[in-house]
Amino acid sequence: MTDKPSRNEDEYFVRQDADILRKRRAEIDAESKQAERRAHFMKCPKDGYDLETRDMHGIAVEICSHCHGMWLDAGELESVSHRGDDHGLIGRVFGDVLASFKARRAPDKPVA
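The opening position of the sequence shown corresponds to residue 385 in this note's numbering, with each subsequent residue numbered one higher.
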């Protein structure tokens with residue numbers, strides 16, 4: 385009786401090991417992607433600070449707490465344009481956004 389396993393047996397275990405490694409790498413990649421999504425969820429793409437969601441006339445607007453950048457989710461701008469009152473609604477939404485920026489920046493200005 386020989387101590388060495390057959391060639392087919394060696395190939396079988398090599399394939400099994402490769403499959404196990406491939407599955408584990410896929411699991412690690414999925415976990416890494418999920419962790420990255422959690423780390424970036426509701427973060428400003430410009431500076432990484434938290435985004436705050438505000439409702440402005442039925443439109444959810446995300447605003448950065450630091451740079452005051454404003455973001456709309458996919459489809460939100462289209463929903464504004466399909467309401468029929470394009471100029472008035474858009475004007476009100478962006479007017480509210482501008483007013484919130486001015487209100488936040490007012491305390492920073494020196495008093496003359």
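Here a beta-carbon is modelled for each residue, glycine too, at the ideal position from N, C-alpha and C.
Cα-Cα separation between V495 and M454, rounded to whole angstroms: To locate residue 495, count along the sequence shown from 1; it is residue 111. To locate residue 454, count along the sequence shown from 1; it is residue 70. Any reading at V495 is ruled out, since the residue's pLDDT is 46, under 50, leaving its predicted position unreliable.
Span of the beta strand (DSSP E), counted from its first residue to its last, around A458: The sequence position of residue 458 within the sequence shown is 74, counting from 1. Taken as a continuous stretch (DSSP letters only), A458 belongs to no beta strand (DSSP E), as it is neither H nor E.
For D431, the three-state DSSP class (helix, strand or coil): The sequence position of residue 431 within the sequence shown is 47, counting from 1. Coil, per DSSP.
The region 391–402 contacting the region 410–417, beta-carbon criterion three pairs below 8 Å: no
N- and C-terminal bounds of the alpha helix (DSSP H) containing S416: By 1-based counting over the sequence shown, the position of residue 416 is 32. 391–424 is the extent of the alpha helix (DSSP H) around S416.
Alpha-carbon spacing of D401 relative to R421, whole angstroms: Reading the sequence shown from its first residue, position 17 is the one you call residue 401. Reading the sequence shown from its first residue, position 37 is the one you call residue 421. Going from the Cα of D401 to the Cα of R421 covers about 30 Å.
D480: CB within 7 Å of a non-hydrogen atom of the ligand NAP: Among the components of this structure there are no ligands whatsoever, and the ligand NAP is therefore not found.
The region 420–438 contacting the region 446–460, beta-carbon criterion three pairs below 8 Å: yes
Own chain partners of D457 with C-beta closer than 8 Å, once the 5 adjacent residues on each side are dropped: By 1-based counting over the sequence shown, the position of residue 457 is 73. Excluding residues within five positions, the ones whose Cβ falls inside 8 Å are A444, E446.
Whole-angstrom distance between R438 and A423, CA atom to CA atom: Walking along the sequence shown from the start, residue 423 turns up at place 39. Walking along the sequence shown from the start, residue 438 turns up at place 54. Spanning the two alpha carbons is a distance of roughly 21 Å.
When V477, A487, R408 are compared against H441, the one with the closest alpha-carbon: As a first step, residue 441 is located in the sequence shown; it is residue number 57 there, counting from the start. Selected option, being the one with the closest Cα: V477.
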